[in-house]
Structures are given as structure tokens and as C-alpha cells.
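S.K.: Residue numbers (the numbering used here), protein chains in the order written: chain V, 1 to 154; chain S, 155 to 534; chain A, 535 to 919; chain R, 920 to 1319. Sharing a structure here in C-alpha cells format.
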Amino acid sequence: MQISYEDRKDCKVMTGKMALPNHYFAGRLGSKFIIALRDENKILGVKCEKCDKVFVPPREYCERCMSKLDECWVELSNEGVITNYTVVNYNDKHLPRRAPYILALIKVDGADTPFPHIVEGIDAEDVKTGMKVKAVFAEETTNTIRDLDHFEPV
Amino acid sequence: MKRVAVCAVAQHKCDSNIWHKRFQGMLLDVLEDIQKQTGMHFSEEGGVRSIVSASDDVFDARTISDNGITDVIGAHYREEEKMAQESLNALGYAMSIILSGHEDVVYVAGHCKESQGESRNVCTNLSYDPFYGRAMGLDYTNVAALQARAYMEKSGLTEEQMAKVVVRARQWAEKNPYANATEQVELGDVMYSPMLCDPIRTMHAYPVSDGAVVMLLASEERAHEFTDNPVWLTGFGSCMDSYFLGDRDLASNFALKQAAERAYKMAGVKDARKEIDLVEVMDCYAYQQPMWLEGLGFCGDGEGAKFIDEEGPAKYNVNLSGGMLAGNPIMTSGLYRMAEAVLQLKGDAGERQAADVNRAIAQSTTGGAGQFHTVVVLEK
Amino acid sequence: MAEYFGTAVEDIFNTMEERFLSEGTLDVDVTIGYNISGEGGGNWKVTIKEGTLKVEDADGEVTDCTAVLNANAETFVGVTLGKLDAGEAFSSGNIKVDGDLTVLVAILPKAFKPFKPVIKASAIVESVEERFLPEKAEGVDIKIGYDLSGDGGGQWTVVVKDQTCTLKEVLDDDCTVIMRMEAQVFVDLNQGKLDGGTAFSSGQVKVDGDIGVAGQSASLFEKYVAEGAAEEEGEELISLKCVPSINQRYATGPTMGKWFDGLKEKKFFASKCPQCGRTLVPPREICAQCRVRCNEFVEVGPDATVTLIDVVYYASPDPLTGKIRETPYTALFMVLDGVSRDESFAHDLNPKDIDRIKPGMKVRPVWAEKRMGTYRDLLYFEIAD
Amino acid sequence: MAKKNRNVGIVGIGQTEYSSHKEHQNQAEMVNEAVRYALEDANITLDDIDCVLHGNMELFEMVFQPDMWHSLGSGAYGKDQFRITTGGTTGASLVCAADNLVASGMYDVVMAIGMEKLQEGHTTGGITNMADPLWFRHLQTGALTATTATMMMDEFGEERAKKAAMKYRILMDKHACLNPRAHRRFGLEYEQADDLMNTSPQLVGELRLIHMCSQSDGACVMIFASEKKAKKMCKTPVWIRDHITVHREETFNNFGIEMPEMTHHYAARKLFERNGIKDPVEYFDVFEMYDPSAWWGLDWAREFLLLKDDEHIKLLEDGEFDLDGKLPINPSGGVTASNPIGATAMLRPAEAAMQLRGDAGPQQIKKKVKHALASGFGGTLWSVLMMLEKDLDWQEVENG
């Protein structure tokens, strides 16, 4: 007997799942950054002396000049400014909030690079680049950057 | 530098839900298509002995997913290497296999089914590091939205201009038998479609798509065995930008400019505007078409918005295939861009055929907000 | 009693009772034999049955259990405390296991809380001299008496004078302060599990003499760390456990669709290559050798001839549910009747035939009662006698 | 096959330690450690690198396009980059790709990175996902099979086969004990062979825990340069003469009545034919073979070296595979000692190249090493085989 392609009667769809347990490690620098959020409610950055720039989140090497960064930690302010934002209007299992919520790039005072985080306490229409915000820390730890729960307008 | 010929291309029609075929089935259809076109065979003497596939384990939900397609790309007892990256890079690597003298004929095969997984955003969220990126739910959609805002603030790109890009894409897609989204839309439909991720609207984003594309490359000496109308691969370049969004100026096109510069240098192109007759860019979202055209040198920095109003894309034959906005899968868009460029240079583009096309470029990107770009230059 | 890494073999078995997690072993019915050689060793038999635990001393070598573990005392204690790598001890034969290996690898972790080295009150007191901090004892001239009852208890006097510290194995009567309590209370206080204030107010600790000195004495000594306990890591290293999961819709396409239709009717369909005649089981869209599409189907089997047998003794736990497949089980490689010579098919063997199966034998499929056109329709193969 | 466009030299090799305890590093930092060692070894900086290659097996760490995040450590910023993965043979495919890319003239200096951090994933689950989700995935429990052990015991008798496999395993452990980077070093002695044969826990048939490869974390980085640049950069570049990759169809269906030619055998036959190698055991001075288990390592020696009947077992029994034998196998200890899957197949050419340079460390072969063979394994019996040379004496190429 032959296969029939036109009427696709032999074709089926089998549902399944791809899921495996993972156990990720933040590494020495990542741990220090997250512990500072969790235990001291502080935001730390690393400074590259040669490029005279403070980076958040921390990384072991400066991408531009390859100098090692893991000794020069800098304590940064909990306040900063929105440099870019979007209003996420769709829902999905990996998203940290129900839609609509504000995902912004926030440069805290003392840092040269903004990092992505959530802004709450303001309507989506009123958010503007350049707004001043301050950090609100989480009660429960999640061992990630979400130990800083969100930013809200100052 | 010796030259590499693209002898033939075969595209599978893109669709948002090819539920009736395994990805092996899609690849078999296009294999038969290209065999018909070129008489290509896999015999040990003179046949295809080297194959470069392009796909991704996370989208295929299968470890070593090129093991699943070994049979349908003819790799049984042959050499096969998988480009687990955007498929245009498979072209660059295949080019090197021929230029190095390792093999004379290389078969390139890319596939991807975005409809198989529950959501492509969940897959692209897995591209980020678990502690900073994934925890914030970053994925290629919301990160592109951040880039859209940065670019709109820099170039003054308006809702109407973005709508024009989508409307034009659909007009050309209608003439492309392989495109996915072909129903026509008005400016208003696009401008008032619901907001997906401010400032990206649902109509600005490319539809979920499944598809597969294959190509046959050969050395200059042996191209005539497979075609009498070869297209020459003369330029290739790619470039990586920083990973952390904060380390980048999202509207700077840093990686695309470098990739284009290297590809143009290899192909001997001095000024894109004068020497390139046709452009295929990977515009996953409407704002990306003007932005990538800036990066490729078709207009100055920040002038993409004006370029749209001046009908720039029409002038330079941009995305006559309907582009990515007409719906191609994320991992295989590069090959769909390439395929259109090759057909145009061969004069086989049917309704979409542009006049005297002698040199064309195809561009693709991967990573969040264009972290990595690839550019290929093709000539008649 | 011989101790390794600060812990005796006996301590591990004596604390099994309190470390037992009955809710983790409701569906378990196993017996484990332990033959621990060397000084401090011995023989034990542990029975875990539907959430209950029985730990017995055995006088001679323990044999007939689901799994029997043989090791020398030092390796056994070292692996239990995590000081030695279990994988290496297993691989290099320092630990030998007879019977079902999966019992140890999968069931034990669920049955017991990890063993914490037993800290004895006497060990704490007897280490006061090494833990003494002279710089903290300037101008201090006191005698601290300890009268600790119960297991690991005893009577001591700690003399702190001119920034020196000496321990006496006897309780002097002219102590500045004497503290009387249960030995375990003293351990919990020292390890910070019990707050001094509550212990004192709840009467668990009785103090004769100068109460101020009792409170201040703790600061004269460094914190006691049990020798067996894993040292405190220099810095806390953050890690994140998660199970990224993506639901999938796998297309069968017409070829595999035909295969599953066949299973529903207790039939095996192979796709046949029109060029070389090769039959592919399960069917595939293309013949890999001829690179030609295979549209034609032929029915093959149902019986088959066994070519190779894999007897699987160790099945790794399912990554998501942790469930382990019952072992040993047998995977058969076989040639279904009517297929081309170089095409083999693989499936399981009925467990009851595990001892009789040999290459060359004929086997037949056993089908599920209710068949829905999925892989579950074919249960296994059995010997076709 | 056309003549090679220009010669390619290995000028830098960097390896992290292979262990299963890298809690202090995230994936990008581990990659960076190996990159720094390789740059140091090649005595160049990142600015000299034109193109970066990256490869691993995504589903072990469940990271989509990991080269994007790993660019923090891979130094790919501002450079061309390719990501090539072919399962177990990823490391070897990266070396072949680097050779093609440099020989083509598109790039002068290419850095290839093979990495895996199995501690962050689930190895068996990852391997089980290789099988087709509709059918085989429900049968397979990880990549364990004893078919080779059974067939070898049928062919050579149970006693001789089991003794030979255990001798091979102990030989590998002796080599691993000399390799400071090896993950598993037990210090086994030949006297333990009989005891281990019966007490090491049975996994499948006669495949026992002691025979199996380990699961390690680690990264390996190699730097390749065109002939002209290689000679300027490095006193002892190692030349890549030729390589071949042979894949097989999707399913493990080759246990029928007639067994097809083994891919390793096909690869060796083709490679040696086109390079005029008559007797590989004579020609090569070292063979770094990807041996996932002691049984496979021994069985495949016959396939790769085109031997017949029990010649390979005799060579083992006569000590010809030892460090001072005719053809030493795996001075590095092989895959049973260290197995960071994404990098494992790159370890083979890396360790072979160090033998050719003479700086392999305590496991350096004493006699002169001029010709090396390295192999990679993965997928359903896929094979990558490559030839490395100390001197450029096999092919005159003008535009080096």
C-alpha cells in the first residue's frame, strides 16, 4: 500500500514535553552581587580602572581592555534613572509579571551601564525615559537579581 | 581569491503550522526539488560528500537534532557539520570548505519549526544567563522592543512609517509563493493593531513560521555540472556585539556595520548605494528594516525614517521576497533571504523579478536586539 | 571506639532512626546489608518497608538482601560524610555492591536526611585549651565548672588565669560558677541551635555561682567545629535549581503515522526502498543509502529472531519524576520476519523470559489490551515457544 | 579532492582542569579561563584573533545560543563567529572547521572553543533526548549498551575479552594518573584486574561502572593560524594534514544479520587511502582516540587502525599501546578519565598536538613523535578522524 499525502489522514500530532533539571552557579562575582542585594539591600558594581567605567551587573573581565575586574568593587546608590523602557503586553510562562508591566533599563547613580529591571508604582502611559526611580528589595530570596524586587518612582 | 558558486536553491513554503510533516519531511521535499533542478547526487566519486546543516537543538527539542535529519540530507556515510546558529552563517562556513580545497561540492540545509514548541519566546528566554537575564524574563521580543524605542528616539521613526514597511512587505509577499503571511493590510490596520510590547505592535512582528531551505554550492571549476546560471558568493562577514544590554548603544548598529564592512571589503564593494542592486534584510520587527538599512550603508545614521518616506526600500529593491515580516522561522531566515537574492540574480524571481540585478546582499541577525549580524554579498 | 573524620561507624547506624524520612519510602520494600571491615566496623541489616525502618546488628556477614554493601570502615565513613567521592570509591572497587545497585543510588537519598557528625559534649569541653583566645582573657581569673549528665557528659573544671587556660578532669568545689545540664543541651547551646536565655529560663540549665561569668565565658573561646563536619566554605556560592520546561507538539508525518496505525491493529509496517529493497523498521521517509523517498509499505513480523541481548542492571532515575525502572530488564535486538538482512529492531523482553532468552531464538510481540496508536500499544516481546 | 589552499598550524592550546566541582565559576568564566591559557600558550592577545568558533551540546546546560552569553568570556566581541555542534564530535568538528576556515584564506587566525558544564545539567536526560521523541526516546535509558562487549566475548572468548578490556581500562588509568588535568585518577594496578572484573557494579551486561567514561566539566581552546603567521608566532606549530568526518543514519539499527562497514573503518580507509598511508600502526607515533568506554576503545582500535581478527588485542597484550610501545594510545588518559562532552573531542587533537610539540608534560612519549592520529565520536556511531604532523614535509604549497 502507498502513503497518501493529499488527505494527510495518516498524519498525527503527539504532544510531549522537553524538560530537564538544571543547577546553575552564579560564580564568585555573581554570588557576591546577589548576596549584597539579599543581605544588605545594596547594589554593587565593578570598576575597570583603565576604561574608568563602572559596570552592572559584575563580570570577571572588561570586554574592551581585558583587564581583570574582580577586585575593584564599588557600592552604588539604590536610586537611578530610567534610560529605556518597554511595556510588556503579552503573557508567557517565563515572564516575571502578568501583562501589562514595565521592563526598563535603569542606570543607578554611580554606574556607567544600565541593567534591565521591572518598574512598578506608575501607570504605563506615564513612564518616560529619564525618570528617577529607587530600588525596592524583595522579602523572599530567589537567589537571582529579583532579590531586588522592582524599582518605583522617587 | 577563488570563487564559490551557488548553483541552485530550494525553498519550502513557510506556514504557521506545518503539523502534517516532521522536519525530516520538509527537508525531503526540498531535497527532491533541488535534485530535480541540478541532477545533484551523493556518489562517492564526484557527488556531494560534504553537508552543512543549520538548525538548533532547543527549537527542535532534541539533542544533536542533526542526527535526526542525517538520512534526509544525504549525510549517511558522508561528512556533515551543523551550524547551530542563524543559517546564513552556514553559507560562510560552506564557502570556506570549498575555498580551502577540502571539498568541491557542498550541500547546505537549514530547517526550523517555530510551531512545535509552546512559545518561541520561552525558547529565546533560555538564551539569557539564569541570574540576570532569564530572571527578568528577557526574550528576543521584549529586548527588541527596548531597541525599537532607542532607535525611534534617535531616528524619529513614526507609527506611520512602520506601518508603511509592513504594508509594503505584505504587497511583495503576495507575489512570493514561499511567503507565509500574504493577506494584504492597510496602514490603519497596522497602526491600530494591539500593542504587543510597546512600541512594537502585533502587526509589526513576524508571524510564527515553520520552513526549510536548501542550497547547492560548488567550486568555480565544477559549478557547470549543476547549473548553467551560477551565482557567485564573493563576500562574507559577521560580527558579535556585547551581551549585556547596558554595555551597548542599542541604536548604534555596531555589529552590523562591522559585518557589512568586512563582507564589502572581501567583495570589493566601495559604496553600497552605488554598487548593490538588491537587498534582503532580516526584519523580524518593522523598526528593524530602516535600522538595518542604515547599518548596511544605504542611508546615514539616524536617517532610516526619512529613507522610508523617500521610498528608499523600493529604490534599492529591498525585501522583494516580503522579507522576514512575511514570516520565516528564526533559525532559517538567513537562507530565505539568500534564496530570494539568488533567484533575483538568476532572473528566476517570476512576478517579483527586478530589472538588471548584478550584485545583491543578504543580511541576518541572531541574539537579543541584533547582538550578532551576518552579511553575504552575491554577484551574477 | 575507632573514629574516622571524627565519627565512628556506629554513630551512622545509631542515628539512622532520627534521620529516617518515612514519607520518602512509602512505596519501598528493601533490605540492605552492611559488612564494614576494619577497626570499628561490624555487620548491620537495615529493613525499609512502606515507611517503616528496622536497624539490626547482625553477628556474622550479612548476605541475602536486596543489596549488600561491603567496604572498609574509613571509606564507608568518608563517603557518608561526603569527604570521599562516592563515584570514585565505587569505580575503584573500594566499595563493592552485590545485588541491586539502584537501591543505594536512588532509594537511600530519599530514605534518610544526610548524616551530620554526632558532636559529643566531651569533645567540646576537651578542646577548650586549643580554642582559648588569650587576647580576650586579659585580667580574667576564674574557674568554670561543668557538670554534664547523660551520653557524652562528665565533670570538668576550666581554669582561666593570667591569660592561660588549663582543663581539669574533675569538678572543683571552689569554682566561680558551675553549670549543670544535659550533655545534649550543652552541645545545642555551643552549636547555636539553642538560645542561652531560653535554656536558662526554661530551667534546662542550672547555674551555681556568678551568673555574669557564665554568660561571659563563651567569648573566651573560638567556636567549636566538629572535625567531621564540612568546613564552612570560604564564601557562599549562589546556585539556582530550576526545571526549564517547554511543551512540544511532535508531528508524526504520514510515515510514522502509518506505523502507529499499524500498532493499533497489532501490525508492524516497514517502509520499503524502491531502489535497494531495504525495509526500514520503524519506517522512515527516505532510504539513507539510496537517498530515495520510500512511499511503499510492507507488513513485516510479527515474530522475530533475536540477534543480540542487552541485560540492563542499572537504570538511571527519570530526570523529572526520579522514578526508576525496575531492573534488571532486557533489551532485545532482533530481525523481524520479512525484513532485509541488515535491518534490526529493538524492544524490551518480557521479564519472565530473562533467564531463558538466547540469541537465535524466535520471539513474538505482546500487545496491550486497549491500543490507542502510541508506543504504549506494544508492551514487549516474549519467547515464541 | 582538490589540493589544500594553504597549510594551517596549531599555535595555541588551553585547557581548564576537568572536574565536577566548578561552583566558583559560571559558564562564561570557565570558557574565559581556557581562552586565557590558550592565548598565553600562543603568546598572542585577543586582538590577533580574527574569528572565534564555539561549540557544546545545548541541552546539557539548556541554554539557547549560548555563544551570545559566553561572549563575555570567549572574547568574540567585535569579531566574526561561528557556532558548530555535532554532538559528541563537536570538539573535533570545531578543529576541522577551524582548519577549513584558515585554509580558505577567509581568516588568518581562528580560535576554537569547546566547552561543557555537565554539573549544571542532567547528562543522562540530555543524552536520552537524542533519540526520536515519537518512538526511540521511550525505549532508551541513556547511552549505555553492552552489544560491543557481547560481540567481543563471542569472537575472542569471554575470559580473553574481559581481561583485555580491563587491561585497556587500567592502561588508560595509568596514563590519566600522569595527566595533571585528568578528572578521574584511581591509581589502578594490573593486579586488581580480576577483582574489578567481578566486583565493579554491572551497568549493562559486561559493561561495568569501571569501564564507563566519567562526566566532567571543563573547556578546551585551540588557536589556529595560516602557515606564514604560524611560523612567526610559534617555534613548534603542529600542522593539520587532513581530516574526514563520517556520519551514519539516524537509528542504531545495525545489529541485524549482516553488519554494515563500521563508520570508523570507513573513515580510516578513506583518509589513509588519499594520504598514501599503507600501515597506520607503523606510520603513526601516537593515537588519541575518543574512547567512551574501555570496550569501545579496544574494539575501535581494530577499526581505526584497519587491523584484522585479534591483531588489536595482541598489540594491547604485548604492551604496544603503552607509552613506550609501538603506537601509544591516549597518553592523556582518554575519555574514561575526562569527559567534558562539548570539549572531549577537541581534547584528542589537543593532546596529540602537545605530544608532537614535546610539551605534553609527565605523560610525554619518550621516543620522537612526528605523526599523530586523533579521532572524535558522537551521534549514532559518527566518526571524525584527523592527521597531525610535526613537519611540513608531505605537500609543497606555495602561498603558505
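All residues carry an ideal CB built from backbone N, CA and C; glycine is no exception. Just so you know, these numbers come straight off a predicted model, no measurement behind them.
Anyone know if the C-beta pair for V1200(R) and Q1274(R) falls short of 8 angstroms?
M.R.: Counting from 1 along the fourth sequence, the entry for residue 1200(R) is found at position 281. Counting from 1 along the fourth sequence, the entry for residue 1274(R) is found at position 355. In this structure, Q1274(R) does not lie closer than 8 angstroms to V1200(R) by Cβ.
S.K.: For the alpha helix (DSSP H) holding N951(R), just list the boundary residues, first then last.
M.R.: The residue you call residue 951(R) lines up with position 32 of the fourth sequence. Q946 to A961 is the span of the alpha helix (DSSP H), which, as asked, contains N951(R).
S.K.: Within 10 angstroms of its Cβ, does H195(S) collect 16 or more other Cβ (buried), or is it exposed?
M.R.: Counting from one through the second sequence, the residue named residue 195(S) turns up at place 41. The residue in question, H195(S), is exposed, as its Cβ has fewer than 16 Cβ neighbours within 10 Å.
S.K.: So which of D109(V), D126(V) and K128(V) has the shortest CA-CA distance to K134(V)?
M.R.: As a working mapping, residue 134(V) is identified with position 134 in the first sequence. Cα-wise, what sits closest to K134(V) is D109(V).
S.K.: Which residue's Cα is closest to the Cα of D744(A): C709(A), A671(A) and D722(A)?
M.R.: Locating residue 744(A) in the third sequence gives position 210, counting from the first residue. Nearest C-alpha to D744(A): C709(A).
S.K.: For F1296(R), which of P1099(R), W1215(R) and C1096(R) has the nearest alpha-carbon?
M.R.: On the fourth sequence, position 377 is the one that residue 1296(R) refers to. The shortest Cα separation from F1296(R) among P1099(R), W1215(R) and C1096(R) belongs to W1215(R).
S.K.: Does the region 825-841 of chain A touch the region 865-881 of chain A, meaning 3 or more C-beta pairs lie closer than 8 angstroms?
M.R.: Short answer: they touch.
S.K.: Check whether the Cβ of R859(A) lies closer than 8 angstroms to any Cβ atom in chain V.
M.R.: Taking the third sequence and counting its residues from 1, one reaches residue 859(A) at position 325. Not closer than 8 angstroms to any Cβ of chain V, the Cβ of R859(A) fails to qualify, so no.
S.K.: Excluding the 5 residues preceding and the 5 following A918(A) in the sequence, name in chain order all residues of the same chain whose CB lies nearer than 6 angstroms to its CB.
M.R.: Taking the first residue of the third sequence as position 1, residue 918(A) is located at position 384. Closer than 6 angstroms at Cβ, skipping near neighbours: D837, K896, V897 and R898.
S.K.: Mind listing which residues of the region 273-285 of chain S have their C-beta closer than 7 angstroms to chain R's C-betas, in chain order?
M.R.: Answer set for the region 273-285 of chain S: C277, T278, L280, S281, Y282 and D283.
S.K.: According to the Cβ coordinates, are Q1038(R) and S281(S) closer than 8 angstroms?
M.R.: Counted from its first residue, the fourth sequence places residue 1038(R) at position 119. Counted from its first residue, the second sequence places residue 281(S) at position 127. The answer is no: Cβ separation not under 8 angstroms.
S.K.: Please classify R98(V): is it buried, with 16 or more other beta-carbons within 10 angstroms of its beta-carbon, or exposed?
M.R.: For the purposes of this step, residue 98(V) is taken as residue 98 along the first sequence, with counting starting at 1. With fewer than 16 other Cβ atoms within 10 Å, it is exposed.
S.K.: I need the straight-line Cα distance from V721(A) to L555(A), nearest angstrom please.
M.R.: Position 187 of the third sequence, counted from the first residue, corresponds to residue 721(A). Position 21 of the third sequence, counted from the first residue, corresponds to residue 555(A). Answer to the nearest angstrom: the Cα atoms are 24 angstroms apart.
S.K.: Kindly indicate which three-state DSSP category M1141(R) falls into: helix, strand or coil?
M.R.: Here residue 1141(R) refers to the residue found at position 222 when the fourth sequence is read from its first residue. M1141(R): strand per DSSP, three-state reduction.
S.K.: Strictly below 8 angstroms CB to CB, what residues from chain V border F831(A)?
M.R.: Residue numbering aside, residue 831(A) sits at position 297 when the third sequence is read from its first letter. What F831(A) touches in chain V: M1, Q2 and I3.
S.K.: Report the three-state DSSP secondary structure of E622(A) (helix, strand or coil).
M.R.: The sequence position of residue 622(A) within the third sequence is 88, counting from 1. Correct three-state label for E622(A): helix.
S.K.: Just to make sure I have the definition right: I need the residues of chain V whose C-beta is within less than 7 angstroms of the C-beta of N296(S). Which are they?
M.R.: On the second sequence, position 142 is the one that residue 296(S) refers to. The answer, in chain order, is T86, V88 and L103.
S.K.: Can you tell me the Cα-Cα spacing of F285(S) and S77(V), whole angstroms?
M.R.: The residue you call residue 285(S) lines up with position 131 of the second sequence. The residue you call residue 77(V) lines up with position 77 of the first sequence. The alpha-carbon atoms of F285(S) and S77(V) are separated by roughly 21 angstroms.
S.K.: How would you write the range of the alpha helix (DSSP H) that G488(S) sits in, first residue to last?
M.R.: By 1-based counting over the second sequence, the position of residue 488(S) is 334. Segment S487 to K500, the alpha helix (DSSP H) holding G488(S).
S.K.: Would G743(A) pass as an interface residue toward chain S - the criterion being a Cβ-Cβ separation below 8 angstroms?
M.R.: Reading the third sequence from its first residue, position 209 is the one you call residue 743(A). So no, G743(A) is outside the interface.
S.K.: Does the Cβ of A509(S) have 16 or more other Cβ atoms within 10 Å, making it buried, or fewer, making it exposed?
M.R.: For the purposes of this step, residue 509(S) is taken as residue 355 along the second sequence, with counting starting at 1. Exposed, because fewer than 16 other Cβ atoms sit within 10 Å of the Cβ of A509(S).
S.K.: Does the beta carbon of M369(S) sit closer than 8 angstroms to a beta carbon anywhere in chain R?
M.R.: The residue you call residue 369(S) lines up with position 215 of the second sequence. Output row for M369(S): interface = no.
S.K.: Does any residue of chain S have a CB that is nearer than 8 angstroms to the CB of K1154(R)?
M.R.: As a first step, residue 1154(R) is located in the fourth sequence; it is residue number 235 there, counting from the start. With 8 angstroms as the cut-off, K1154(R) does not count as an interface residue toward chain S.
S.K.: Closer than 9 angstroms by beta-carbon distance: list the chain V residues that pair up with P1052(R), in chain order.
M.R.: In the fourth sequence, the residue the question calls residue 1052(R) occupies position 133. Result: M14, G16 and M18.
S.K.: Rounded C-beta distance between S1325(R) and Y397(S)? I'm assuming under 8 angstroms.
M.R.: Residue 1325(R) falls outside the range modelled here, since chain R spans only 920 to 1319, and no answer is possible.
S.K.: Start and end of the alpha helix (DSSP H) containing Y282(S)?
M.R.: The sequence position of residue 282(S) within the second sequence is 128, counting from 1. From DSSP, Y282(S) is part of no alpha helix (DSSP H); its letter is neither H nor E.
S.K.: Can you say whether K695(A) is buried or exposed, counting buried as having 16 or more other CB atoms within 10 angstroms of its CB?
M.R.: Taking the third sequence and counting its residues from 1, the one referred to as residue 695(A) is at position 161. So K695(A) counts as exposed.
S.K.: Counting Cβ pairs, one atom from each stretch, are 3 or more of them under 8 angstroms apart for the region 995-1009 of chain R and the region 942-958 of chain R?
M.R.: In short, these stretches do not touch, since the Cβ pair count stays below three.
S.K.: For chain S, is any of its Cβ atoms less than 8 angstroms away from the one on F151(V)?
M.R.: The count along the first sequence starts at 1 and reaches residue 151(V) at position 151. No, no contact with chain S.
S.K.: Report yes or no: do the region 922-942 of chain R and the region 1148-1161 of chain R share at least 3 C-beta pairs separated by less than 8 angstroms?
M.R.: Judged by Cβ distances under 8 angstroms, the region 922-942 of chain R makes contact with the region 1148-1161 of chain R, as three or more pairs qualify.
S.K.: Taking only the alpha-carbon atoms, compute the straight-line gap between L1128(R) and V613(A) and give it to the nearest angstrom.
M.R.: Here residue 1128(R) corresponds to residue number 209 of the fourth sequence, with the count starting at 1. Here residue 613(A) corresponds to residue number 79 of the third sequence, with the count starting at 1. Computed Cα separation, rounded: 17 angstroms.
S.K.: Quick one: is H1166(R) near chain S, going by C-beta distance under 8 angstroms?
M.R.: Numbered from 1 along the fourth sequence, position 247 holds the residue referred to as residue 1166(R). Yes, H1166(R) counts as interfacial toward chain S.
S.K.: Going along the chain, which residues of the region 780-810 of chain A sit with their C-beta nearer than 7 angstroms to a C-beta in chain V?
M.R.: Taking 7 angstroms as the Cβ-Cβ cut-off against chain V, the residues of the region 780-810 of chain A that qualify are I780, N781, Q782, R783, Y784, A785, T786, G787, P788, T789, G791, K792, F794 and D795.
S.K.: Could you tell me whether the region 617-632 of chain A touches the region 1108-1119 of chain R, using the rule of 3 or more Cβ pairs below 8 angstroms?
M.R.: Yes: at least three Cβ pairs fall under 8 angstroms.
S.K.: Under three-state DSSP, which class holds A1112(R)?
M.R.: In the fourth sequence, counting from the first residue as 1, residue 1112(R) sits at position 193. A1112(R): helix per DSSP, three-state reduction.
S.K.: Helix, strand or coil: which one does DSSP assign to F55(V)?
M.R.: The residue labelled residue 55(V) in the question sits at position 55 within the first sequence. Strand, per DSSP.
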